[in-house]
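Enquirer:
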Amino acid sequence: MAIQELLDPITAAGGEVRFGRFDEWQQGRTLYGGASALIAYTAAIRAFPDLPPLRAGQIAFVAPVDETAELRREIVRQGRNVTQVRSEIWCEGRCTLTAFFLFGAEREANARHEAAPLPDWPGSPGQAEEVMGNQGPAFLQNNFELRRAQDQRGPGDPVVRRWARLKPPTGLDPVSELILLGDVLPPGAMRAMARPGPLSSINWSFNLLGTAPQTSDGWWLSENASQHALAGYSSERLRLWNADGRQVMDGLQSVAIFG
Numbered sequence: 001m002a003i004q005e006l007l008d009p010i011t012a013a014g015g016e017v018r019f020g021r022f023d024e025w026q027q028g029r030t031l032y033g034g035a036s037a038l039i040a041y042t043a044a045i046r047a048f049p050d051l052p053p054l055r056a057g058q059i060a061f062v063a064p065v066d067e068t069a070e071l072r073r074e075i076v077r078q079g080r081n082v083t084q085v086r087s088e089i090w091c092e093g094r095c096t097l098t099a100f101f102l103f104g105a106e107r108e109a110n111a112r113h114e115a116a117p118l119p120d121w122p123g124s125p126g127q128a129e130e131v132m133g134n135q136g137p138a139f140l141q142n143n144f145e146l147r148r149a150q151d152q153r154g155p156g157d158p159v160v161r162r163w164a165r166l167k168p169p170t171g172l173d174p175v176s177e178l179i180l181l182g183d184v185l186p187p188g189a190m191r192a193m194a195r196p197g198p199l200s201s202i203n204w205s206f207n208l209l210g211t212a213p214q215t216s217d218g219w220w221l222s223e224n225a226s227q228h229a230l231a232g233y234s235s236e237r238l239r240l241w242n243a244d245g246r247q248v249m250d251g252l253q254s255v256a257i258f259g
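Note that the UniProt record's numbering gives residue 87 to position 87 of the sequence shown, counting from 1, and the numbers run on in steps of one.
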C-alpha cells in the first residue's frame with residue numbers, strides 16, 4: 001500500500017517528517033497534487049481527531065514539495081457547527097502547500113435538491129477501454145487505473161473524462177480516496193492547446209456533496225473541463241461521480257499552461 005507508506009510518518013504532533021515511498025508519487029519535481037492535498041488533510045484530522053465531517057477544501061500548490069518537510073496545522077475558528085482548519089506543508093523554511101479545510105456538523109435541512117445528472121452518461125466502466133496503461137508519470141501507472149469515458153480523442157472540446165480508481169488495496173476512507181483521486185486527470189485545456197507543452201495546477205477548491213461517498217468496485221467518473229483559457233492560464237471545473245451516476249464532488253482549479 002504505497003499511499004499508506006506516504007502517510008504513515010504523519011503524527012498528531014506534526015512537525016518534521018520524511019515521507020516513505022516518496023518517489024512513487026512524484027510528478028516532475030514535486031508530489032502529485034492529490035497526494036500532497038491528502039497529506040495536508042491527513043495532518044489535520046490526525047491533529048484534531050474530533051472534527052465533524054469534511055465539507056470543503058481550498059488548496060494552493062505554492063512550490064515543489066520535498067521528501068523531507070514540516071507539517072503545520074491549526075484550528076482557525078471553531079463554531080457550534082463549523083470548524084475551519086489551516087494545514088500547511090513547509091520545505092526548507094518556505095511554505096510549499098497551504099490548505100484550508102472546512103468541517104461541518106449536519107444541520108436540519110432547509111433546502112434540498114440533488115446535483116443535476118450528467119446528460120451524456122458513459123455507461124458502466126466494466127467494458128470501457130483501458131487508457132494510460134504504460135504512459136504518463138510513474139505515480140499514475142503504479143497506483144491508478146483509468147478507463148475511457150468519452151468518445152472524443154485528441155484535440156477538440158476542452159473536456160477530459162475518464163473512469164478512475166485506485167489499485168487495491170488502499171486502506172483509505174472514502175473521503176481520503178476522493179481527495180487523492182480528485183486531481184488525477186490532466187486539465188481539459190490540454191485538448192485546446194495549439195502545441196504540446198507542460199501544464200501545472202496552481203490551486204484546487206472542492207466541495208463534497210455528501211459525507212459518506214460510496215461507489216461500486218472502486219470506480220469514480222472524473223471530469224476536468226476548461227471553462228476559459230487565455231494568457232497562459234485555464235479555469236477548470238473538476239467533478240466526480242460514483243458508478244451509479246450520483247455526483248460526489250464539485251470543484252474548480254486554476255492551471256498554468258506553458259509552452
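Quick reminder that beta carbons are idealized off the backbone N, C-alpha and C, glycines included.
1. In chain order, what residues of the same chain lie with their CB nearer than 6 Å to the CB of R165, ignoring the 5 residues before and after it?
2. Using the DSSP secondary-structure output, state which residues sit across from T68 in a beta bridge.
3. Could you give the distance in angstroms between the alpha-carbon of V17 and the alpha-carbon of W25?
4. Three Cβ pairs or more, each shorter than 8 Å: is that satisfied between the stretch 248-257 and the stretch 184-200?
5. Taking only the alpha-carbon atoms, compute the straight-line gap between A47 and Q253 and give it to the nearest angstrom.
6. Starting from Q4 and walking both ways along the beta strand (DSSP E), at which residues does that stretch end?
7. Across which residues does DSSP place Q58 in a beta bridge pair?
8. Would you mind listing the beta strand (DSSP E) stretches within the stretch 145-181 that are 3+ residues and don't spill past its ends, in chain order?
9. Looking at C-beta atoms only, is the number of pairs between the stretch 70-77 and the stretch 120-128 that lie closer than 8 Å three or more?
10. Across the stretch 29-37 and the stretch 168-182, are there enough close Cβ pairs to call them in contact, namely three or more that are closer than 8 Å?
11. Nearest by alpha-carbon distance to I10: which of S201, N242, I89 is it?
12. When the distance is taken between beta carbons, is P174 closer than 9 Å to S234?
13. Just curious, the beta strand (DSSP E) that T42 is in, first and last residue?
14. Any contact between the stretch 221-237 and the stretch 245-252? By contact I mean 3 or more CB pairs, one from each, below 8 Å.
15. Run the CB neighbour count on E129, radius 10 Å, all protein chains shown included, and call it buried at 16 or more, exposed below.
16. Can you name the start and end residues of the alpha helix (DSSP H) that L140 belongs to?
17. Excluding sequence positions up to five away, which residues of its chain have a Cβ less than 8 Å from the Cβ of A229?
Expert: Checking against the coordinates, here is how it stands:
1. Counting only Cβ-Cβ distances below 6 Å, and skipping sequence neighbours, we find E145, G218, W219.
2. R18
3. Whole-angstrom Cα-Cα distance: 16 Å.
4. Judged by Cβ distances under 8 Å, the stretch 248-257 makes contact with the stretch 184-200, as three or more pairs qualify.
5. 27 Å
6. First-last for Q4: 2-7, but that is the alpha helix (DSSP H), not the beta strand (DSSP E).
7. Answer is F100, S205, bridged to Q58.
8. Correct list: 159-166.
9. When Cβ pairs closer than 8 Å are counted between the two stretches, the stretch 70-77 is seen not to touch the stretch 120-128, the count staying below three.
10. yes
11. I89
12. Pairing S234 with P174 gives a Cβ-Cβ distance that is not under 9 Å.
13. Segment 33-47 is the alpha helix (DSSP H) holding T42; no beta strand (DSSP E) there.
14. Yes, they touch.
15. exposed
16. 138-143
17. Same-chain partners within the cutoff: P158, A189, A192, S235, I257.
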